[in-house]
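Structure first, then comments.
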Amino acid sequence: MREQFEAKMLRIHFGEGDKWQGKPLHEAIVAKCQELGLANAIVYRGIEGYGASSRIHHSSLWRFSKDAPIMLSIIDREEQINKLLPHLDGMVEEGLIAISSVEVIRLSRTAAKL
Amino acid sequence: MLNAGKALKVSIYISEGSTHHGIATYSSILDFLFYRGVSGATVTKGIAGFGADHHIHTSRSVEISDRLPLKIEFIESRETVNELLGKLEELVGTGMIEVQETTVAKPAQKTNLKHDAPPAHMKIEGKAKMMRIYIGESDRWRDKPLYTALVEAMRANDIAGVTVYRGILGYGAHRRIHRDRPLHLSHDSSIMLSAIDAEEKLQSFMPIVEQMVEEGLIVLSNVDIIKYAYRAEGLDPAEADSSSTDQKTEGEQKQ
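For the protein sequence lines, the chains are A and B, in the order given. End of the first sequence = 116 in the numbering used here, gap-free, step of one. End of the second sequence = 506 in the numbering used here, gap-free, step of one.
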C-alpha cells in the first residue's frame, strides 16, 4: 500500500547527558511521542559535535562518554507535530529544534494510518 | 593500440603449477606481454582438465590442485603476434599455444580519467532534493540487508551519494520500540538512508525504491547544494587537493 502526502520533519538536537525527570531526555521525548500517538520518532547519536553551550560533545570508545550529540527526528503531519511542540518547551532546556517541510511516501504491507 | 578489423587471437594453455626461472609461468608470460605493449591479456583458471600427460587435474583432489589448467588469451595484430611467438614458445615450456583468426568489432579504449568530463552526477549544484528512506535494520531484500541492497542500487543508478545512519532508539509503523543495546546486539534498529541528487534523478529512481522497500517511509525535502567536490580517480593527489575532497555540504532549505 502506498500513500503520498505533505508532512513536517522535526529535529531536536541536544546532548546525550541531558535528563528530564531523572530519565535520559531522548527516552523521555520518545515516550512522549508515543503517548501523543505520533507516527514515529528516531534517535541518532552523533560521533562528535558541539551545540548551544559550545562544549564539544565527544563519544570516545576508550572513555565511554555519555555526552555525545543526540539528534531526534520525527516525521508526521503538521497537526500531529504541533501537538508535541508545547511539551518540548518544558522538556528541552538547552538545545535546538528545527522544522522543515517534507513530502512523504509511505509504503506498508497492510493498511495503517500515519 | 589494437584497431577494429582482422586480428589474431592467441590462446596459451599451461598448468598452474608450471614455473619459468622460478616464478609462475603465467606470470612470466603476462609480464612479457605487458612490457611488449600488448593491448590486453586475460588469464583464466580452469576447474578441471587434462593435457599431454593425460592426467585429469581437478580442483576436487587436494594433492594435485596446483596442476589446474590455465589459459592466457590475448588479441593482437598479425605482425605483433609473429614478433611475440618465438619468445612465447620458449616461455610456455610443455604448454600449448593456439592461434586463430578473429575480427575485432570494437577495440577497447583507454580510460583517460584525467581528461574526462566529470560524470553527470558530479555536476549537481544549487537546488536539489534530499531523499531519506526509513527502514528497519533487519529488513532484507533477497539475500542481503535491505540497506545494503539500496546503497548498491543507488550506486548502480548513479545517485550522487548516500549515507546510512543507524538510530539508537526509536519506533515506527508498528509502534514497536527499536533499541540498540550494547550487550545484546540488536539487529532491529531504525535505519535511515540519506541521499542527495537532482530531483529528476531521484524521481526516476523512486520506482526502484518502491519496489524494493516493502514497508517504510520515503521522505523528500528541498536542499541547496553549496558544494559538491570530488576527487577523480587516477588524478595525482597533489593536483587534486586544491579544492577536491570527497565531501558534500548541503544546506536544508526551509520552506
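Glycine included, every Cβ here is placed at the ideal spot set by N, Cα and C. All of these numbers come straight from a predicted model, not from anything done at the bench.
Chain-ordered neighbours of residue i on chain A, where CB pairs are closer than 8 Å
i, result
"V443(B)", "Reading off the sequence, residue 443(B) comes out as Met, not Val. In chain order: I44, Y46 and S75."
"E461(B)", "R4, I107 and L109"
Residue i to residue j span [Cα, whole Å]
i, j, result
"V355(B)", "V45(A)", "58 Å"
"V470(B)", "I326(B)", "51 Å"
"Q462(B)", "E324(B)", "42 Å"
"L255(B)", "V289(B)", "The question names Leu, yet the displayed sequence has Ala at residue 255(B). When rounded, the distance between both Cα atoms is 15 Å."
"I280(B)", "H305(B)", "24 Å"
"F301(B)", "V402(B)", "44 Å"
"T345(B)", "I265(B)", "8 Å"
"L87(A)", "W392(B)", "37 Å"
"W22(A)", "N408(B)", "45 Å"
"D78(A)", "T362(B)", "48 Å"
"Y398(B)", "I442(B)", "8 Å"
"V413(B)", "I348(B)", "49 Å"
"I537(B)", "K25(A)", "The question about residue 537(B) has no answer, for chain B in this structure spans 252 to 506."
"L436(B)", "D91(A)", "Bear in mind that the predicted position of L436(B) carries a pLDDT of just 49, short of 50, making it unreliable; the figure below should be weighed with that in mind. Answer to the nearest angstrom: the Cα atoms are 34 Å apart."
"V343(B)", "E352(B)", "21 Å"
"E272(B)", "E341(B)", "The amino acid at residue 272(B) is misidentified as Glu; the sequence shows His. Rounded to whole angstroms, H272(B) to E341(B) spans 11 Å at the Cα level."
"V332(B)", "R406(B)", "40 Å"
"S103(A)", "M382(B)", "13 Å"
"L284(B)", "A404(B)", "37 Å"
"G377(B)", "A33(A)", "38 Å"
"I386(B)", "N84(A)", "25 Å"
"I384(B)", "G51(A)", "24 Å"
"H89(A)", "K478(B)", "37 Å"
"V350(B)", "V261(B)", "5 Å"
"V358(B)", "L336(B)", "In the sequence on display, residue 358(B) carries Pro and not Val. P358(B) and L336(B): Cα-Cα distance of roughly 22 Å."
"G39(A)", "A400(B)", "32 Å"
"L434(B)", "L27(A)", "With a pLDDT of 48 at L434(B), under the threshold of 50, the modelled position of that residue is not reliable, and the figure given next carries that caveat. So the alpha carbons of these two residues sit roughly 22 Å apart."
"N107(A)", "M93(A)", "Sequence inspection shows Ile at residue 107(A); the Asn mentioned does not correspond to that position. Their Cα atoms are separated by approximately 30 Å."
"G421(B)", "D317(B)", "54 Å"
"P320(B)", "L109(A)", "52 Å"
"G297(B)", "G268(B)", "13 Å"
"K322(B)", "Q360(B)", "23 Å"
"R111(A)", "V464(B)", "10 Å"
"M3(A)", "Y416(B)", "25 Å"
"D69(A)", "S440(B)", "21 Å"
"D20(A)", "A30(A)", "10 Å"
Classification of residue i by the beta-carbon crowding that lies within 10 angstroms, buried from 16 upward
i, result
"N42(A)", "buried"
"P71(A)", "buried"
"S472(B)", "buried"
"F456(B)", "buried"
"E451(B)", "exposed"
"I263(B)", "buried"
"E18(A)", "buried"
"Q82(A)", "buried"
"E466(B)", "buried"
"H308(B)", "buried"
"I410(B)", "buried"
"P458(B)", "exposed"
"D448(B)", "buried"
"S389(B)", "exposed"
"T276(B)", "buried"
"A258(B)", "buried"
"S278(B)", "exposed"
"Y286(B)", "exposed"
Beta-carbon neighbours of residue i, restricted to chain B and to distances below 8 Å
i, result
"M11(A)", "V470 and S472"
Closer than 7 Å at the beta carbon, the chain A residues around residue i
i, result
"G418(B)", "I44, V45 and Y46"
"G467(B)", "L109"
Contact test: residue i Cβ vs the ligand NAP heavy atom, cutoff 7 Å
i, result
"I419(B)", "Inclusion of the ligand NAP in the displayed structure is not the case, the ligand content being empty and no account of it being possible."
Neighbour list for residue i in chain A, Cβ cutoff strictly below 9 Å
i, result
"V464(B)", "L109"
"G421(B)", "V32, N42, A43, I44, V45, Y46, L74 and S75"
"G387(B)", "Those do not exist, as G387(B) stays about 11 Å from chain A at its closest Cβ, beyond 9 Å."
Within chain B, partners of residue i - CB distance below 7 Å
i, result
"Q82(A)", "Ordered by position in chain B, no residue passes the 7 Å Cβ test against Q82(A), which lies about 14 Å from the chain."
"V104(A)", "V470, L471 and S472"
"H28(A)", "L420"
Partner residues on chain B for residue i, Cβ-Cβ distance less than 9 Å
i, result
"E50(A)", "By Cβ distance, chain B contributes nothing, its closest Cβ being about 15 Å from E50(A), past 9 Å."
"E95(A)", "Within 9 Å Cβ-Cβ: nothing; E95(A) doesn't reach chain B, min ~20 Å."
Evaluate the contact criterion for the segment 90–101 of chain A versus the segment 10–30 of chain A: three or more CB pairs, one atom per stretch, below 8 Å.
yes
So within the segment 262–341 of chain B, which uninterrupted beta strand (DSSP E) runs reach at least 3 residues, ignoring any that extend past its ends?
292–296, 299–301, 307–309 and 320–327
Whole runs of the alpha helix (DSSP H) within the segment 392–471 of chain B, excluding any shorter than 4 residues
397–407 and 450–463
Which whole runs of the alpha helix (DSSP H) in the segment 77–113 of chain A are 4 residues long or more, in chain order?
Taken in chain order, the unbroken stretches of alpha helix (DSSP H) that lie wholly in the segment 77–113 of chain A and span 4 residues or more are 80–93.
Ordered list of alpha helix (DSSP H) runs contained in the segment 4–49 of chain A, each at least 4 residues:
27–37
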